[in-house]
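S.K.:
In the UniProt record's numbering, the protein residues as written are 1 to 612.
See below:
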């Protein structure tokens, strides 16, 4: 059975040395007043969190994959053996309330702490993680835009974990294009609405872990405009609450079926049928997309963490296997007394392992940087600092979702490859990591959609202002460390790539303004642009980590070899992975022309003629 050990040493390095989070958090009044930024408290929370996931969730990972969820004739769903008991322990221990508002029973801990906990949970059991994960997203949206009445009634239950939540967007005919959804809402005249329609792919849409499920549903109110401007957001409980807050009458929402998926079998991905279900408006009429994006952005960062987490656990197991598995003879021999040497000595195996280490450690640095930025965005007393942090989070959210999940899947596949034939066999567990990791590239907005969001909305739409702020940050770091001989090769590569990113952005921006074909030029470049962008961000983080680690090595403060490992992994990243930017630059410059093929000849497709 695969094993997992929470990477607390690396988390400590990032929190205290790279991000200097204790000092940052101490300056935020919200955490100072609630006394939740204390480093010792945070360390204790994370150590206990690691113990919980390692002992309670890791053993259930294969169980969930093999058993899956079962839907019964009455529409109810039973989760895999042990899931319900583990959720009860999780809820009773207060993990659902970690970074929630104390006003509604939350503990008020930093988002950074919750972010680390989410990573550990996902490494241990990604399918199980989605039940509390979706609930936290529902909490975020309701907390931000819900009425006081809705918040007072529902938030304490979500925070305590007694009730869980979902987000209901997708319909059979409408995935990314939410402007064409058909689910409708009718005003009942009593402050409630009647919701009718079908939603698909609803993660944690029906289950037996909690006594009630709160669905946040996008629907179109009768008379509202077509497209996304006419969509509103509604809260539809599975059971309508009684006056005392307990679950009461069964609402008109039922699980029609659960999907049979490639992976994440332990999570119930439901088709939900709303048949005149009673719902309650969340926020403003026709502002549903704006409100749902609060939840979607949180989900996108959470999905990025899934990619990171699955890459981490796959890497850990590949590393353990490579140390023990003996095959072939290495020169010079490592174990001349044995018939063969451990495969970890062979260069190609080392390449795969170092790829996993480089991508996961940079991904963790990005995830924790963004989490700390969210804390600053929400709680810094200086409005300018809040705006600066918000811009960084907005810019890097699509990068975190897409680059981290692409890399996570890549790491899972390469870690499976380390096992050779055993990686293809279920008993070793590697094939499950590959299957589970694949979904993260698809849901919460496919990675292609994230690329369009980054380039079209986050970069070009504001004239590159957010990008310029990030570029300034990178340039400042390069200039400050220009005399550091150890960093010179990295800073040279990083500086050139960052400058070229600016040039590529301008070229694409100019093409975008060239008539109707401009949109296709942006779309053709977007995926490669995001990957290039991701490498620049990871390069910046690796250079910063290498600087800190090299100073520790030079000062003789590296008894365990942790810092030397950082230095050498940074070298691997810049010499073996970062050069991908050169290929990406070429494919970005190629533009849409190579895609403009003859539809009939290449695809056998006859496009309709305009005006025919």
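A virtual CB, placed ideally from N, CA and C, is assigned to each residue, including glycine. Predicted model, so just to flag it, every value in this text is computed and none were measured.
1. What residue range does the beta strand (DSSP E) around residue 264 cover?
2. Which residue's Cα is closest to the Cα of residue 532: 560, 168, 585?
3. Measuring CB to CB, does residue 441 end up less than 8 Å from residue 397?
4. Quick check on residue 339: buried or exposed, where buried means 16 or more other Cβ atoms within 10 Å of its Cβ?
5. On the DSSP letters alone, give me the boundaries of the alpha helix (DSSP H) that residue 298 sits inside.
6. Name the residue from 496, 138, 539 whose alpha carbon lies nearest to the alpha carbon of residue 297.
7. Tell me whether the beta-carbon of residue 134 lies closer than 8 Å to the beta-carbon of residue 203.
8. Could you give the DSSP three-state label for residue 170: helix, strand or coil?
9. From the DSSP secondary-structure annotation, give me the bridge partner or partners of residue 181.
10. Could you pull out every residue in the same chain whose Cβ sits closer than 7 Å to the Cβ of residue 126, ignoring the five residues on either side in sequence?
11. Given a cut-off of 8 Å on the beta-carbon distance, is the pair residue 364 and residue 14 in contact?
12. Applying the 10 Å Cβ sphere with the 16-neighbour rule, what's the burial state of residue 477?
13. Does DSSP classify residue 65 as helix, strand or coil?
14. Mark residue 607 as exposed unless 16 or more other C-beta atoms lie within 10 angstroms of its C-beta, in which case mark it buried.
15. If you drop the 5 nearest sequence neighbours on each side, which residues of the same chain put their C-beta closer than 6 Å to that of residue 58?
16. Enumerate in chain order the residues of its own chain whose CB-to-CB distance from residue 288 is below 7 Å, with the five nearest sequence positions on each side excluded.
17. May I have a chain-ordered list of the beta strand (DSSP E) segments no shorter than 3 residues that lie completely inside the segment 207-258?
18. So what's residue 193 in DSSP terms, helix, strand or just coil?
19. Quick check: residue 555 and residue 566, are their CB atoms within less than 8 Å of each other?
20. DSSP three-state call for residue 203: helix, strand or coil?
21. Closer than 7 Å by C-beta to residue 333: which residues in its own chain qualify, once you throw out the five before and the five after it? Chain order, please.
22. Determine which residues share a DSSP beta bridge with residue 277 and list them.
23. Spell out a yes or no on whether the segment 25-33 and the segment 140-153 are touching, meaning 3 or more CB-CB pairs, one atom from each, closer than 8 Å.
24. Taking three-plus beta-carbon pairs below 8 Å as touching, is the segment 247-261 in contact with the segment 45-55?
25. If you measure between the beta carbons of residue 620 and residue 423, is that distance less than 8 Å?
26. Do residue 322 and residue 573 have their C-beta atoms closer together than 8 Å?
27. Using only the alpha-carbon positions, how far apart do residue 240 and residue 248 sit?
28. Identify the residues that DSSP records as bridge partners of residue 71: which are they?
29. To the nearest angstrom, how far is the alpha carbon of residue 382 from that of residue 161?
30. Counting Cβ pairs, one atom from each stretch, are 3 or more of them under 8 Å apart for the segment 66-75 and the segment 107-114?
31. Say whether the segment 33-40 touches the segment 577-592, bearing in mind that this needs 3 or more beta-carbon pairs closer than 8 Å, one atom from each stretch.
32. Between which two residues does the alpha helix (DSSP H) carrying residue 373 extend?
33. If contact is defined by three or more beta carbon pairs under 8 Å, each pair taking one atom from either stretch, is the segment 271-278 in contact with the segment 194-203?
34. Please confirm if the segment 276-293 is in contact with the segment 366-380, defined as three or more CB-CB distances below 8 Å between the two stretches.
35. Tell me whether residue 186 sits in a helix, a strand or coil according to DSSP, three-state version.
36. Cutting at 7 Å between CB atoms, please list the residues of its own chain near residue 237, excluding the five before and the five after it.
M.R.: According to the structure shown:
1. Counting along the chain, residue 264 falls outside any beta strand (DSSP E), and DSSP gives it neither H nor E.
2. The candidate whose alpha carbon is nearest that of residue 532 is 585.
3. Remark: C-beta atoms of residue 441 and residue 397 do not approach each other more closely than 8 Å.
4. Exposed: under 16 other Cβ atoms inside 10 Å.
5. That run of the alpha helix (DSSP H) goes 288-324.
6. With distances taken between Cα atoms, residue 297 lies closest to 138.
7. Yes, they are a contact pair.
8. Secondary structure of residue 170 (DSSP, three-state): coil.
9. In DSSP, residue 181 forms no bridge with anything.
10. The beta carbon of residue 126 lies closer than 7 Å to those of 264, 306, 309, 310, 436 in the same chain, with the five residues before and after it left out.
11. Going by beta carbons, residue 364 and residue 14 fall inside the 8 Å limit.
12. Its Cβ being crowded by 16 or more others within 10 Å, residue 477 is buried.
13. Residue 65: helix per DSSP, three-state reduction.
14. By the neighbour-count rule (16 or more Cβ atoms within 10 Å), residue 607 is not buried but exposed.
15. The beta carbon of residue 58 sits closer than 6 Å to those of 4, 124, all from its chain and outside the five residues before and after it, given in chain order.
16. By the criterion of a C-beta distance shorter than 7 Å, residue 288 is surrounded in its chain by 218, 231, 232, 233, once the five residues flanking it on both sides are discounted.
17. Runs of the beta strand (DSSP E) lying entirely within the segment 207-258 and spanning at least 3 residues, in chain order: 212-221, 231-237, 239-241, 247-250, 253-258.
18. Three-state result, residue 193: strand.
19. Not in contact: residue 555 and residue 566 (Cβ atoms no closer than 8 Å).
20. Strand, per DSSP.
21. Apart from the 5 residues on each side of it in sequence, residue 333 sits with its Cβ closer than 7 Å to the Cβ of 341 in its chain, given in chain order.
22. Residue pairing by DSSP places residue 277 opposite 195 in a beta bridge.
23. Result no; under three Cβ-Cβ pairs closer than 8 Å.
24. In short, these stretches do not touch, since the Cβ pair count stays below three.
25. Limits of the chain in this structure are 1 at one end and 612 at the other, which puts residue 620 out of reach.
26. In this structure, residue 322 sits away from residue 573, with a CB-CB distance that is not shorter than 8 Å.
27. C-alpha separation (whole angstroms): 5 Å.
28. Bridge partners of residue 71: 77.
29. So the two alpha carbons sit approximately 33 Å from each other.
30. They do not touch, by the three-pair rule.
31. Short answer: they don't touch.
32. Per DSSP, the unbroken alpha helix (DSSP H) holding residue 373 starts and ends at 347-379.
33. The segment 194-203, when compared against the segment 271-278, does touch it at the 8 Å Cβ threshold.
34. Contact fails: fewer than three Cβ-Cβ distances are below 8 Å.
35. In this structure, residue 186 counts as strand in the three-state DSSP scheme.
36. So the qualifying residues of the chain are 212, 214, 251.
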